Structure formats: C-alpha cells, structure tokens
C-alpha cells in the first residue's frame, strides 16, 4: 500500500510487517508500541547504521565467534522482522535459537516457532515442549531459560530485550549483546556490547562480519574485543544523535 | 495492572488508555504506533513540560483568545487521552470542536463523537451528518473541513497532527497551533505555535493559561504573541533535549 517514492518508504514497510505480525497474534500490544518507540529513535540516528553501531557489530561478531555456547534469543518483534537472518546467523555460528517472550502465551510461542521453522531453523529451543529452568533460581517469568540453550550459554544475543531480562542474564554470568535503538535504555546500559541500530540493518551486517572474521585466530578476535569499549561507544552514539538532529534544522 | 511504584507508572497508564481505545476501535493501527513514537520523544524531553513548551502554551493561549473562530481539531489519540480537557478548553474559548481523522471511518467518527459527548461536549463538528467541504478546493481526504468549523476558522489547534494536514491548513490561511513531541516533525516545523510536550500535560496547562489571560486586553495578548518566536523556541527545545540526555549518562 505504501508507495515507493514516499520519503518514509522503508520505515512504513517495516511498520506494515510489524502490524501484520500483530494481527496474526505473533506480537503482544507492547510489541507494536515498542516498534513505535523504535521508529522515533531510528529517526533520530538518521535511519542508517552509524559508525559506533558498526564497531559494536564487529565486536559482537568477534564475541560470538569466541563463544563456546552462543545462543540467539528471539522475541516476537525479532521473529517478525528478521527470521531468515536469525536462522542464517545461527547456522554460521553453530548457535542455538531460543524463544523468549515477555508476554508469553503457548499460542504466541507456537506461532514464532512456526515462523522460525519456515525460515529454515532445524531446532528451536524455549518452546512449550521443554521444561524450562530458572536462571540463578530466580522464580520470575523473566528468568526462564532452556536447559540446552540460554541456561548453559556463555554468550547471548538478546535483541529488543527489556531491562529486567537483561539484568537477570547478567546476574547469571552471561555475556550479552543487544540490539536496541535507545542507547540510554537499561538494556543498552547493562549489555556487554550494545548495538544502537535497527535490527533489520544490524543482523545482516552482523552476518557479514561473522563471515569475514570466521577464519581469524582466537588471539585476533580477542584483540578486536579488547579494542572495544562499550561505554565509550555508547557515548559516541549519543553525540552522533545530537549532530544528526542539529544538522536537520 | 501497573503498580504505582513503577518508575514508568504514568507512561504505562497512558499506554493502557491508548490500548483500551485501540481495542474499542477508536484508534487505527497507526494511532498506537504513533503513541509509541510519542513515548520515545517524551522520554527524551524528560517526561515533563520544559520551559520552551510552557512559553509556547502561553502564546497559544493568547492566540486562541484573540481568534474570531477558534476550532479544536480532535483525532483518535486526542479523544482517548484528554476528552474532558478538550471540552473544557472549548467552553472557555467559545471554540468549536471538530473531529478530523487520518484513517476516517464512519464507525470511528461515531465512537469519537460519543466520547466527546460523554465528556460534556454540546456540539461536535466533522461528523458523518455533515457535508464536509474541501479546503482550497483540494480534493484530498486530508483537506476536508466542516463548513461551520475549520472551513471558516482563523485559528486551529491541531494536536498530534500529520504533516500533510498541517500543510493544507497553512495553505488555507489558518494560524495553527500543534502539540507534537517531535520538534523536528513537519507539523512542528509548519505550525505557527509548536508545543513540544505530551498532550496530557499540555492541554491542562493551556487551560490554566487561558483562564489567566482571559481578561487581558487585546493589546496585551498581542504583546505576548510578538514576544514569541516559534523557530527560536523549537531550537531551545532541541538544546534542552540534548542536555537532558547527556545528564542521564
């Protein structure tokens, strides 16, 4: 329905995808509101991958390649926007894919599992068939984890995640990578690597970096990580947002 | 359902109101996405009325009091969030209330009319009972106006309005006041007075200013307007957003 010439064509196409997923029941109400928040932040960063985001993505590739048990955590918005990319990334990294939902219902889990399977996933963890464990014994729905996935993971990619969950994962000793358009969100502030970018741009670029760094030696990957400072990187990102905004005036 | 102690209590209560209206059919899909965008911008301005916004609200009160035919334009989000306040403001100003929807359907117009009537409105324009005119003869659904309302208005308050509509109103020679949390939006940039604030804070404060300035002489009201520069005011707002953001780090 959106015309190609529209100045906000890409943004409106994404919105259509999100709304379609919502009406199918893949997303909870909070998912579309969150998408709206994301639109605002994406607008403020200029709707493109800025340099600090690219640096974070490169570091994330290195960390994921160094991981023993990497897991990609998937929620409704991620499944709606980048299912094929998540499957490809998991394949490249030999990582597990695990569903984790804030507003978890058996129906929604089933729908997301179906989307991931249709996108080519061979195995999807965190479904209703599994008996989930609680990280650190925390009896919160935000602390559940598949015993074969996040429970034993050392590195977890948690795109579009909420602050409570990010905190639980950190407490459980996981290294976490997030994709979050708000550099000031609790999740961005808690994560080891915070990618301030739209997930539809970030995951494809992460795939590129994983392919590029795949044959690097461990030492070289570690060097990339040592050269990356997440706190500083988030500060650079904030400064860019300012410049971007002022330039448009 | 949201606990009072939650750091984002107010924001989450508003979200509940918006979702309730959405599920009743008052809002289109775009309305909830727009609310999400608003949440992000409100967060960036610190979720309070900043000084430039208060200045814009004061100027808006003066302009509305000087108007011959002021009209308050109401869409779904406005009706969901501040129906009583709109009715009170209209009464104080002797202004018309007119429904104008981007995603107009007879059902949605009826629902909003009902909300406004229940909030105490005696007359609501822009309903299905009227034969709407087209501003400047522009044959777009964004150009419709009630012949007794916006069509003959000199000053229109158009909160949460889209850029195309704002442009049409300007072309038709109206002075427009907007409430929009994005100081860079086309609407904010086009408006004569742009209030960068959350509508749930802006309209109550506008009511206060109208009450305060109600007995001022025309000359005094004009002086308030002359002392207000919308472009400069938007720049102040942008600078405040930066400071706010940096301070939180």
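Protein chains in written order, with this note's numbering: chain A, 1 to 249; chain B, 1001 to 1249. All C-beta atoms, glycine included, are put in the ideal place defined by N, C-alpha and C. Everything numeric in this text was worked out from a predicted model, so none of it was measured.
- Of the residues A:159, A:133, A:113, the one whose Cα lies closest to the Cα of residue 198 (chain A) is A:159.
- Secondary structure within the stretch 1171-1236 of chain B: the alpha helix (DSSP H) runs of 4 or more consecutive residues, fully enclosed, are 1186-1190, 1199-1213, 1218-1226 (chain order).
- Neighbourhood of residue 32 (chain A) in chain B, by CB distance below 8 Å: 1029, 1032, 1033, 1036, in chain order.
- Bridge pairing for residue 1057 (chain B): absent [DSSP].
- A straight line joining the alpha-carbon of residue 61 (chain A) with that of residue 1191 (chain B) spans about 46 Å.
- Within chain B, no C-beta atom comes nearer than 8 Å to that of residue 167 (chain A); the closest sits roughly 14 Å away.
- Under DSSP, residue 71 (chain A) shares a beta bridge with A:96, A:156.
- Secondary structure at residue 1133 (chain B): strand, using DSSP grouped into helix, strand and coil.
- As computed with DSSP, residue 1144 (chain B) is found in a beta bridge with B:1134.
- Looking from the CA of residue 102 (chain A), the closest CA among A:12, A:27, A:213, A:214 belongs to A:27.
- Within the model, the alpha-carbon separation for residue 134 (chain A) versus residue 172 (chain A) is close to 10 Å.
- Residue 1018 (chain B) belongs to the set of residues whose beta carbon lies under 9 Å from a beta carbon in chain A.
- Think of a sphere of 9 Å around the beta carbon of residue 1015 (chain B): the chain A residues whose beta carbon falls inside it are 29, 30, 33, in chain order.
- For residue 4 (chain A), there is no enclosing alpha helix (DSSP H), since its DSSP letter is neither H nor E.
- Between the C-alpha atoms of residue 181 (chain A) and residue 224 (chain A) there is a straight-line separation of about 23 Å.
- Residue burial is scored here from C-beta neighbours: residue 1035 (chain B) has at least 16 other C-beta atoms within 10 angstroms and is therefore classed as buried.
- Considering only A:54, A:209, A:184, A:148, the residue with the shortest C-alpha distance to residue 163 (chain A) is A:184.
- At least one C-beta of chain B is nearer than 9 Å to the C-beta of residue 41 (chain A).
- For residue 1016 (chain B), the enclosing alpha helix (DSSP H) stretches over residues 1009-1024.
- Taking a C-beta distance under 9 Å as the contact criterion, residue 97 (chain A) and residue 115 (chain A) do not qualify as a contact pair.
- Per DSSP, the unbroken alpha helix (DSSP H) holding residue 1042 (chain B) starts and ends at 1029-1045.
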